[in-house]
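Notes for the one structure printed next.
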Amino acid sequence: MHNDSPTHDDTATMSSANPLPVAPVQDEVQDKLPFAALSAAAATALFLEACGGGNSGSSSDASGSAPTTSQQTAAQSLSADYAAARFLQHAQFSSSQSDIDAVKAKGRAAWLDEQMAAAPGQKGWDWLAERGYAVIDANQFYQMDYQANYMAWQQILSQSDGVRRRCALALSEFFVVSISGVSTLQWAQFAVASYWDLLTENAFGNFRTLLERITLNVAMGEFLNTLGNQKEDAATGRLPDENYAREVMQLFTIGLVQLNLDGTPTLGAAGATIETYNQSDVSNLARVFTGYQADESDGTTTSAVAPTYRLKQVGYTRRPMVLNASRHSMLEATFLGVTVPAGTEGRAALKIALDALFNHPNVGPFFGRQMIQRLVCSHPSPAYVARVAAVFNDNGKGVRGDLGAVFRAVLLDDEANSTAGLTSTTFGKLREPMVRVAQWARTFKANSLKGTWKVAKFDYSAVDALAQSPLQAPTVFNFFRPGYIPPGTVMAASKSTAPEFQLVNESTTASWVNFMQNIVWSGIWVRAPELITSPSAATPTDGPDIVPDYSAEFALVGNPEALVARLNLLLCAGQLSSATVSMIVAALGTDKTTITSSDSSKRSYVAKAIMFVMCCAEYLVQK
Amino acid sequence: MTTPIDSSRRDFLRHTGSTALTGLAAPWLLNLAAMGEAAAFSASDYKALVCVFLVGGNDYANTVVTFDDASYAKYNAIRSAGTGSGNSGMVLSRASLAATELRPAVALPDGRKYALNPNMTGLAGLFNAGKAAVQLNVGPLVVPLTREQYNSTNRVKYPLPPKLFSHNDQQSVWQSSSPEGATTGWGGKIGDMAMANNGDGLFSCISVTGNQVFLTGDAALQYQCSASAGAIAVKSASDTFFYQPEMRAAFVAMLQQNRPHVLENEYNAIMRRGMAAQAKVSAGLSGVSLKTAFATGNDLADQLKMVAQLIGARGALGARRQVFMVSLGGFDLHDYLDTKHGPLLKKVDEAMTAFYQATVELGVANQVTTFTASDFGRTLTSNGDGSDHGWGSHHLMMGGAVKGAAFYGKAPPVSVSDTTAAQDQWHVGQGRLLPSTSVDQYAATLARWFGVTDAELPSVLPDLKNFGSVDYPVNLGFLA
């Protein structure tokens, strides 16, 4: 009989980040730190030497001998590196050695403040225009949406200002707009880019401001039907579209049930949860979101190919929707305990509505818990949620809704950084597939050789598919639900949420490995990478275009201890157990490639090492 | 042939934990019987249930369209109101419905008639040939409700299904009687009862459309199969990427390793399950060659084709009782109901009709019952070019065992006004239908045909005890 219960075949990866005991640890024979750190430290010292930096290491034989002072120093340094890398992998997509050194030197808080204050990188809208997609010609880009995929991937794979982009990606999984859901817009790719840019620009601003801007954004307007939504017509019985009114409450602000500050539901009579809104609230609130249309103040032109039609200028996509007062409902609207008096002008009605949503006590815990889930762990303690929600309510300077403060609170919290999370058997989250790819690209400095970044949805073949693509959630409910509890698992028994498991099944566990196999050796294959268009037939230039730079790894070929130590740090902040490290080192040891072998052989060696790490459960579950 | 389930067996299953029972071969469970635990129903024949989930809330009014003169006139008046000029597709013309008129063997009372959406010629044909039926106005209910009871504030005496009108919750309620966060669904619970009949319990509940709570039971787990690729193999487990065999073996072992960390361990358990099943499923599928043509460019057709192939492979998989799930998205038509709904229903029609033909080809037409489901129906009123979230809806059942050319349930009046008149008692505003049949009754009818006994039904459908009156029969009667 096959017993699937977990076995204790190895021990925790890290018992403490700092401070380490000063006394020697001769009797430490298990795989706990500092012994593991010592072995790894020795290996690290070697690879630092090989790369021309770092302390001089002790002898390579670290097993079983008493640690020397330099080994202890190396071990302490490595633990600090791991802690810094761990923090970096929560806050952004990757953790280079220079990032690690900066965090160690400045401290997490100061480093984070610097990142949040830095000038944002290039806007997605501008990037698309720069590539040439704003022209009106026989290509008819104005009818297309898929270049938004290129924009979104370039932003997360490569664009500078990683913390801001990481937070914007988290926001995009809360305030969801999906590329495929707005394809009917003219210049759809630019509309999506302008939406993404709102998220990056406002990521550290104020929630209330962001809420208003996304409400008036034309891509969101198309996605949830505010665009073109008309007031009631008593004569005919037509009523306003309710889509945005419902989803702005259910998904973007207050959720379905009243919450305590710590994210747990408030219980009323007989222990039942308490609804936040009902159908009447939805129907009334819908009146507020009427009368909005695209801002065509820079006029229209004509499409390029017969039969021609009236074409909006591309600039409309980055201007907020405008209000056509004659289409805006003038009825009284009562929802959530507030009333918009009859005859209230549209913008004033909007303010009343958005203020009511923003000021609802649910927003802090509802939003805060999901940001913790996106960045740190799937099932945070209620206390963690309460701390973050409290910051949402007041950033310490009397301001409600300070997103920068909220992200700071999420990333700097003790629950995110304490070593308790490293020995826990439940803490952490499954890394999202698209975030794993972004980490690979940034860690290995992947670059689009031709600069076109034509990366799309990776779903042409189920066998090699990636289960996710940025801004391509199947519906406004994102790729997975915050309340998802994987059926038939230990998490179900303990009612622990693990959203990312909604993408995990027998197909996707296999296809992730196949996907990595496809890209790890030579990079991401692109059709005609020198063209901004996407030919359907094969061309002679088809081939890898988003290619990694493995030069640092090449220097460690034939030295599996050093290579695995490097990958363990950079990819998973040292979270591979010693047993796993040893296993991978031994496995790589069967390959006799050295640094004098051909480039092709060295590339294979490095690719295999990366595969081991990035397909390992200890990497896939981020702590 | 069926024996009442021993409740101690169910408790045994729960205490052992679901992961321990994943994919267990029948002999272990027969030992259970030898130990004095009665197995659930035993079957020597083959049966399958196939759930076609229409994601987003399918608009009932333009799917099963009221067709007799009087009610059509009301539908036309209500739905064309406020519809922009050029959006004539929001209201389906009576002429366009003639070809898909449903001709039941016994006419509905009060002269009511229905036609299917003009794009559903295949299913209309199957209905008229007695191989498909319509369940009118079905939706989640905890207890039977009148409109007055819905409007009352006494939620203890007249409880409502949780989180009405919310997509994700209603999808979950349809599948599991509970809102989002549920971990078992009635398809999986039926699978629990049936697993003992299968050579490999893992193949009892199969999804071809991503993770769905519907298919997980207390012991039964959802097995995922790709519509296009079947059981997906880890290529590097057998190709030359890891050139050295020892390296490859180490990698394969790592992928499947037990782990102390809960999330890691559950991830690897799924990987392990997939790798263990892959060769058997692929071999089984390769032994099936279906001649029935399925439409291309139709995601639902792709999925149902894979289901047909899996059914074709049932011998190789040792399966006797299976529950499948497929789905099609895009039904949340707040906008574009006029342009997008027809093509979606065409996909449903082509896919389901071809699937029926495939079951005929496989010789199992009487043994496979397919049924539709959706988050909810929609409003009857228009918002200009679409409809908004509703509740009750009309659904379709198809298969040789279905007592077709018939309507089940009650035809709702066509009205959107808020009076106390009889015509307004079966909607809760804007023509959102108040269901006159519950999902539990629908599910119970399907489950009983599948082999679940009356004694076992309450454990599959906990609210079923609230039904059983003349107007809410537990057996709706649409299956032989």
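Residue numbers (numbering that gives the first Met the number 0), protein chains in the order written: chain A, 0 to 622; chain B, 0 to 479.
Quick reminder that beta carbons are idealized off the backbone N, C-alpha and C, glycines included.
These figures come from a predicted structure and were not determined experimentally.
Chain-ordered chain B contacts of residue i [CB-CB under 7 Å]
i, result
"C614 (chain A)", "L254"
"I484 (chain A)", "G180 and T182"
"G427 (chain A)", "L262"
"N224 (chain A)", "H333 and D334"
"M143 (chain A)", "Chain B residues near M143 (chain A): none, gap ~19 Å exceeds 7 Å."
"L360 (chain A)", "This sequence places Pro at residue 360 (chain A); Leu is not what is there. Result: empty, since nearest Cβ-Cβ is about 20 Å, beyond 7 Å."
"V503 (chain A)", "Y266 and I269"
Per-residue contacts from residue i into chain B (C-beta, under 9 Å)
i, result
"R480 (chain A)", "N167, E179 and G180"
"L335 (chain A)", "Simply none; closest approach about 16 Å."
"D240 (chain A)", "H333, D334, N382, G383, D384, G385 and D387"
"K103 (chain A)", "Result: empty, since nearest Cβ-Cβ is about 27 Å, beyond 9 Å."
"S506 (chain A)", "G209, Q223, C224, S225, A228, A230, I231 and G273"
For residue i, the nearest candidate out of the options (CA to CA)
i, options, result
"A527 (chain A)", "A:Y383, A:A537 and A:A271", "A:A537"
"F484 (chain B)", "A:V256, A:S603 and A:Y549", "Coverage of chain B is limited to positions 0 through 479, which leaves residue 484 (chain B) absent and any answer about it impossible."
"M418 (chain B)", "B:L303, B:V367 and B:N150", "Position check: residue 418 (chain B) holds Thr in this sequence, whereas Met was assumed. Ranking the options by Cα distance to T418 (chain B), first place goes to B:N150."
"A420 (chain B)", "B:V64, B:D109 and B:R146", "B:R146"
"V390 (chain A)", "A:M370, A:S377 and A:L198", "A:M370"
"Y141 (chain A)", "A:S423, A:Y149, A:A190 and A:V162", "A:A190"
"K591 (chain A)", "A:A585, A:L569, A:V612 and A:G557", "A:G557"
"Q146 (chain A)", "A:R163, A:V162 and A:W124", "A:W124"
"G376 (chain B)", "B:G428, B:D301, B:V261 and B:S79", "B:G428"
"V384 (chain A)", "A:T424, A:W110, A:Q372 and A:T595", "A:Q372"
"M433 (chain A)", "A:L562, A:L502 and A:R368", "A:L502"
"L465 (chain A)", "A:V512, A:D280, A:N138 and A:G400", "A:V512"
"D80 (chain A)", "A:A234, A:L566 and A:M219", "A:L566"
Span of the beta strand (DSSP E), counted from its first residue to its last, around residue i
i, result
"G138 (chain B)", "A131 to G138"
"I545 (chain A)", "G542 to V546"
"V64 (chain B)", "V63 to T65"
"T371 (chain B)", "V367 to S373"
The alpha helix (DSSP H) enclosing residue i, as first and last residue numbers
i, result
"Y604 (chain A)", "D598 to M613"
"Q516 (chain A)", "E505 to V519"
"H393 (chain B)", "H393 (chain B) -> not in any alpha helix (DSSP H); beta strand (DSSP E) instead, spanning S392 to M397."
Neighbour list for residue i in chain A, Cβ cutoff strictly below 7 Å
i, result
"L220 (chain B)", "G487"
Beta carbon of residue i nearer than 8 Å to that of residue j
i, j, result
"M305 (chain B)", "Q134 (chain B)", "no"
"V347 (chain B)", "L299 (chain B)", "yes"
"Q223 (chain B)", "S460 (chain A)", "no"
"F251 (chain A)", "L210 (chain A)", "yes"
"V413 (chain B)", "K130 (chain B)", "no"
"G180 (chain A)", "F206 (chain A)", "no"
"G391 (chain B)", "L336 (chain B)", "no"
"F126 (chain B)", "L96 (chain B)", "no"
"Q91 (chain A)", "G204 (chain A)", "no"
"L353 (chain A)", "T488 (chain A)", "no"
"L344 (chain B)", "N116 (chain B)", "yes"
"F553 (chain A)", "K601 (chain A)", "yes"
"G131 (chain A)", "Q158 (chain A)", "no"
"N57 (chain B)", "S381 (chain B)", "no"
Within chain B, the residues that residue i reaches when beta carbons sit closer than 8 Å
i, result
"L626 (chain A)", "The requested residue 626 (chain A) is not part of the displayed model; chain A covers only 0 to 622."
"E552 (chain A)", "Simply none; closest approach about 17 Å."
"D590 (chain A)", "Y242, Q243 and M246"
"N567 (chain A)", "In chain order: nothing, as chain B lies at least about 14 Å away."
"F357 (chain A)", "The premise fails here: F357 (chain A) is roughly 21 Å from chain B at the closest Cβ pair, so nothing lies under 8 Å."
"A137 (chain A)", "Under the 8 Å cutoff, chain B gives no residues; its nearest Cβ is about 26 Å from A137 (chain A)."
"P473 (chain A)", "G328"
"V398 (chain A)", "Chain B residues near V398 (chain A): none, gap ~32 Å exceeds 8 Å."
Proximal chain A residues relative to residue i, where beta-carbon distance stays under 9 Å
i, result
"A232 (chain B)", "V462, A509 and N513"
Residue i CB to nearest heavy atom of the ligand GDP below 7 Å
i, result
"P160 (chain B)", "Of ligands this structure carries none, so the ligand GDP is not represented either."
Chain A contact residues for residue i, given Cβ-Cβ distances below 8 Å
i, result
"Q523 (chain B)", "A query on residue 523 (chain B) cannot be resolved here, the shown segment of chain B reaching from 0 to 479 and no further."
Length at least 4, wholly inside the stretch 259–333 of chain A: the alpha helix (DSSP H) runs in chain order | Taking only runs of at least 4 residues, the alpha helix (DSSP H) segments lying wholly in the stretch 259–333 of chain A are 278–287.
Which runs of the alpha helix (DSSP H) spanning at least 4 residues fall entirely within the stretch 230–317 of chain B, listed in chain order?
-> DSSP runs (the alpha helix (DSSP H)) wholly in the stretch 230–317 of chain B: 244–254, 261–285, 298–311 and 313–316.
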